[in-house]
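Residue numbers (UniProt numbering): 1 to 266. Glycine is no exception: its CB is placed at the ideal position from the N, C-alpha and C atoms. The model shown is predicted, which means the values in this text are computed figures rather than measured ones.
Okay, here's the thing in structure tokens:
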């Protein structure tokens, strides 16, 4: 289908407007992280690196950063193990209720975060009688991180087919040997991309975290929310927000490049 000149200009203008609405506010945050003002004002009266130094010496921010990394890594590991096992079970085996299980696995990513957060909060506190700690946050994040790994691995399994696995079985290899030597090498890039996406998704999650985190523990997004309107903290918060954006974007970019290179090879 060929578009006329007017259609191209219109679509280009709409695309530019949408991208501006998304990225101009991020650019404002970046510029404000170098502002000499202690408040979020525009335009900045001057520029300085003072806030970047203070941000990286802020004990609360550094502790929150470590907590976010710990939560993201832990939930990603859980998601890699469970997401891979579930995708293999659903793709390679036939059993009653398979479609229902597939729906239930994907559902957490489709539900509003506040619904998931309230449900998990009730489950932890009333049903399981657990105190809200960093462990409950990890479990909560794993519920939706599994989806990214599941989707990546399931798509790869569908493209792989079963010829190599069947040949391995015919040659006498057991289930674990076939997975280790045949299936896993073909899944590595999909697992890596899914793990990166899961890490990024967990690292900047705030809604579910708010309902499942205990007192005295802060992830980086929670720290930003709690310090946003405190006196003289606005520039430091802008610096931490820029760091959060960078840490979230890098895994997504790498995952996209992996997916692009896989598509080019095919």
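For residue i, the three-state DSSP class (helix, strand or coil)
i           : result
residue 203 : helix
residue 248 : helix
residue 33  : coil
residue 95  : coil
Pair within 8 Å by beta-carbon distance, residue i and residue j
i           : j           : result
residue 245 : residue 55  : no
residue 66  : residue 235 : no
residue 71  : residue 138 : yes
residue 202 : residue 116 : no
residue 191 : residue 64  : no
residue 149 : residue 194 : yes
residue 200 : residue 224 : no
residue 142 : residue 120 : no
residue 147 : residue 164 : no
residue 109 : residue 196 : no
Inter-residue Cα distance where the pair is residue i and residue j
i           : j           : result
residue 44  : residue 22  : 21 Å
residue 144 : residue 79  : 8 Å
residue 113 : residue 208 : 6 Å
residue 34  : residue 174 : 59 Å
residue 204 : residue 18  : 22 Å
residue 106 : residue 251 : 21 Å
residue 27  : residue 168 : 53 Å
residue 229 : residue 133 : 25 Å
residue 218 : residue 46  : 32 Å
residue 151 : residue 248 : 19 Å
residue 222 : residue 256 : 27 Å
residue 48  : residue 36  : 6 Å
residue 111 : residue 14  : 29 Å
residue 30  : residue 135 : 33 Å
residue 73  : residue 32  : 30 Å
Start-to-end residues for the alpha helix (DSSP H) that takes in residue i
i           : result
residue 222 : 220 to 227
residue 54  : 50 to 55
residue 175 : 175 to 178
residue 163 : 163 to 170
residue 182 : Element bounds for residue 182: n/a, residue is neither H nor E.
residue 124 : Segment: none, residue 124 is in no alpha helix (DSSP H) and carries neither H nor E.
residue 58  : Segment: none, residue 58 is in no alpha helix (DSSP H) and carries neither H nor E.
residue 268 : The question about residue 268 has no answer here: the residues shown for the chain are numbered 1 through 266.
residue 134 : 134 to 160
Inter-stretch contact (C-beta, 8 Å, three-pair minimum) for the stretch 98 to 105 and the stretch 79 to 90: yes
Is there contact here, the stretch 177 to 186 with the stretch 129 to 136, by at least three beta-carbon pairs under 8 Å? no
Between the stretch 153 to 171 and the stretch 181 to 197, are three or more C-beta pairs nearer than 8 Å? yes
Counting pairs of Cβ atoms below 8 Å between the stretch 5 to 12 and the stretch 210 to 218, do you hit three or more? no
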